[in-house]
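S.K.: First the structure, then my questions, so here it is.
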Amino acid sequence: MRLKDKVAVVTGAAQGIGRATVLMMGREGAKVVVADLQAEKAQTVANELHALGAEALAVEVDVADETSVKRMARNTFERFQRADILVNVAGIYYPKASVVDLTEEDWDRTINVNVGSNFLCCREFVPAMRAQKSGRIISLASGIGHYGMRQFSHYAASKAAVMGFVKALAREVGPDGITVNAICPGSANTSMPRQHRSEEEVMERLRATPLPHILEPEDIAGSIVFLASDAAAFITGQSYNINSGTYMF
Amino acid sequence: MSSVALITGGGGGIGGAVARRMAAAGIMVVIADYDGGAAEKVKSEIVAGGGNADALAIDVTVAREVNAVVADVAKRYGRIDILANIAGGSADTKRIEEFTWAQWKEVMDANLKGTFLMCREVAPLMQKQKSGRIINTASNYGVTGSALRTPYAAAKAGIITFTKSLALELAPDLVRANTVAPGPTDTPRVMEKESMEARKQRWWPQIPLGRTALPQDLAEMYFFLTTPQSAAITGQTFHVNGGVVMP
């Protein structure tokens with residue numbers, strides 16, 4: 049078991065990539081905080097983890113709300129007394145709008161949820177990791193943060209910002225034995241792309257990759273668990289693409 | 009039946025660590041190195057530890073040697089599941105006007121051409137198998153460049169883009185190709201030229217994680233790229249360098 053007795057906090061863990069990540073981490077021996085805005089769904093995932101024999105705590109969190117994030121950290125430390133791994137998965141991919149039509153509210157909400165959350169969550173957990181001289185932070189960016197996407201300027205900007213944040217934080221906390229990396233998934237078989245595309249369109253895109261391999265949440269989770277494990281002790285400041293070969297930066 | 013891995017440069021620091029890591033996971037490793045004695049040494053160690061290994065000498069810059077070795081390995085083991093091209097490197101640091109044409113070609117051949125020749129022979133076998141994993145070796149200098157290392161940086165940049173092209177070409181047959189890009193790594197070869205103390209002074213202050221890489225740090229990345237958890241990964245470059253370069 050690669051994460052035996054490690055305490056992992058995963059935001060956006062109620063579904064998709066976050067859910068696949070906590071289930072894999074539970075199987076690898078981690079104690080998991082299943083954090084999500086959707087409290088009931090988070091509890092369902094925590095129950096799945098219990099059924100696997102893993103320790104899990106469901107926590108309701110709005111990752112763009114300072115008070116809520118502080119409460120999540122408090123709940124984590126009360127229950128597990130430490131935090132070894134933080135995975136920032138929570139994010140939004142909506143609404144679709146041209147730059148000229150995008151409202152200030154939608155811009156702010158996307159930036160706050162997708163990258164502001166990284167700041168708020170890392171700020172709460174870095175001090176404990178620093179004190180124990182070890183920690184792993186993994187943030188979900190996106191290939192769209194590299195190559196852009198029409199009508200998703202807010203999303204593209206937020207995900208590029210995640211990569212910049214990860215590099216800066218990696219430099220800041222490297223001397224304390226904490227690694228910080230990003231994963232850039234391609235279009236994955238989750239509910240996210242289905243928010244603005246038909247089922248047919250989604251499947252067509254998922255099949256249009258060079259490698260004939262539909263990108264599943266477990267594919268992303270596998271790389272997140274690798275980066276969280278001892279095997280990745282010397283990797284920091286990187287943004288790794290997991291996308292069945294869709295793009296290669 | 010266990011997987012079969014062919015590892016060039018397998019007698020060296022990083023290559024040896026990769027061979028040991030894969031063997032520890034039950035992979036049959038064929039250790040190929042220019043220095044046949046070094047390959048034998050790694051093989052003996054692995055076999056003594058209960059692993060499966062074979063050793064052979066190869067000059068990856070000579071097409072007929074490459075062809076003969078690949079044919080021999082394929083015949084002996086029936087398949088090649090993993091190809092790790094780690095042979096390469098260059099100790100030469102000089103101003104561009106001091107590099108001879110012969111020296112330029114030597115660095116290009118040892119790194120880029122060797123990788124090409126190996127991939128050219130192994131890829132068709134993997135395509136027939138409808139599975140395979142190729143892992144090539146670049147360097148952070150292949151992205152950042154490096155003063156006084158023009159041929160080496162060019163060769164390593166070449167490997168990154170060669171691998172992307174190869175990945176696109178082989179993807180339909182479920183053969184994946186990726187690149188690992190090490191930063192400063194404490195291998196016996198570099199430490200012959202620079203003491204650990206000198207390396208600490210030169211490198212450690214520049215590296216966010218505060219040290220240079222150990223060959224094992226790299227080996228974990230190569231190994232991960234052979235596992236089912238990396239099934240959706242192809243054409244990518246994985247920098248393992250303690251944060252000294254963050255492209």
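Line by line, the protein sequences give chains A and B.
The numbers in the numbering used here rise by one with no breaks, and the one at position 214 of the first sequence is 262.
The numbers in the numbering used here rise by one with no breaks, and the one at position 7 of the second sequence is 15.
By construction, the Cβ of each residue, glycine as well, lies at the ideal position given by its N, Cα and C atoms.
For clarity, every value in this text was computed on a predicted model and none was experimentally measured.
Quick check on Ala-175(B) - is its C-beta less than 9 Å from some C-beta in chain A?
M.R.: yes
S.K.: Say whether the stretch 93-103 of chain A touches the stretch 11-25 of chain B, bearing in mind that this needs 3 or more beta-carbon pairs closer than 8 Å, one atom from each stretch.
M.R.: In short, these stretches do not touch, since the Cβ pair count stays below three.
S.K.: Can you list, in chain order, the residues of its chain with a C-beta nearer than 6 Å to that of Ala-106(A)? Leave out the 5 residues immediately preceding and following it.
M.R.: Val-82, Ala-90, Gln-91, Ala-94
S.K.: Which of helix, strand or coil does DSSP assign to Glu-114(B)?
M.R.: helix
S.K.: Kindly indicate which residue of Ala-118(B), Trp-112(B), Thr-108(B) has the alpha-carbon position closest to the one of Val-70(B).
M.R.: Ala-118(B)
S.K.: May I ask whether a heavy atom of the ligand MN can be found less than 8 Å away from the beta carbon of Ala-204(A)?
M.R.: Absence of the ligand MN is noted for the structure shown, with no ligands found whatsoever.
S.K.: Nearest chain A C-beta to Gln-137(B) closer than 9 Å, yes or no?
M.R.: no
S.K.: Assign Val-54(A) to one of two classes, buried (16 or more other C-beta atoms within 10 Å of its C-beta) or exposed (fewer than that).
M.R.: The residue you asked about is not Val; residue 54(A) is Lys in the sequence shown. That one is buried.
S.K.: Have a look at Ile-65(A) and Ser-271(A) and give me their C-alpha separation to the nearest angstrom.
M.R.: Rounded to whole angstroms, Ile-65(A) and Ser-271(A) show a C-alpha spacing of 11 Å.
S.K.: Cutting at 7 Å between CB atoms, please list the residues of its own chain near Val-137(A), excluding the five before and the five after it.
M.R.: Val-58, Thr-59, Gly-60, Ala-61, Ile-65, Gly-66, Thr-69, Leu-188
S.K.: Within the stretch 63-101 of chain A, note down every full alpha helix (DSSP H) run reaching 4 residues or more, in order along the chain.
M.R.: 64-75, 87-99
S.K.: Is the Cβ-Cβ distance between Ile-66(B) and Ala-31(B) less than 9 Å?
M.R.: no
S.K.: Would you say Asn-291(A) lies against chain B (beta-carbon separation less than 9 Å)?
M.R.: Yes, Asn-291(A) lies at the interface with chain B (some Cβ there is under 9 Å from its Cβ).
S.K.: Quick check on the DSSP output: the beta strand (DSSP E) that includes Gly-45(B) runs from which residue to which?
M.R.: Here Gly-45(B) belongs to no beta strand (DSSP E); instead the alpha helix (DSSP H) covers 44-56.
S.K.: Under 7 Å between beta-carbons, which chain B residues line up against Gln-286(A)? List them in chain order, please.
M.R.: His-247, Met-254
S.K.: Whole angstroms are fine: how far does the CA of Gly-293(A) sit from the CA of Ala-175(B)?
M.R.: 8 Å
S.K.: Out of Met-177(A), Phe-128(A), Ser-165(A), Pro-258(A), which one is the CA nearest neighbour of Leu-178(B)?
M.R.: Pro-258(A)
S.K.: Since Lys-144(A) and His-244(A) are thought to touch, with beta carbons under 8 Å apart, how far apart are those beta carbons, to the nearest angstrom?
M.R.: 5 Å
S.K.: The alpha helix (DSSP H) spanning Tyr-288(A) covers which residue range?
M.R.: Looking at the DSSP string, Tyr-288(A) is not in any alpha helix (DSSP H); the run it does join, the beta strand (DSSP E), is 287-290.
S.K.: Distance check for Gly-150(B) and Ile-167(B), CA to CA, integer angstroms please.
M.R.: 8 Å
S.K.: Quick check on the burial criterion: 16 or more other C-beta atoms within 10 angstroms. Buried or exposed for Thr-227(A)?
M.R.: buried
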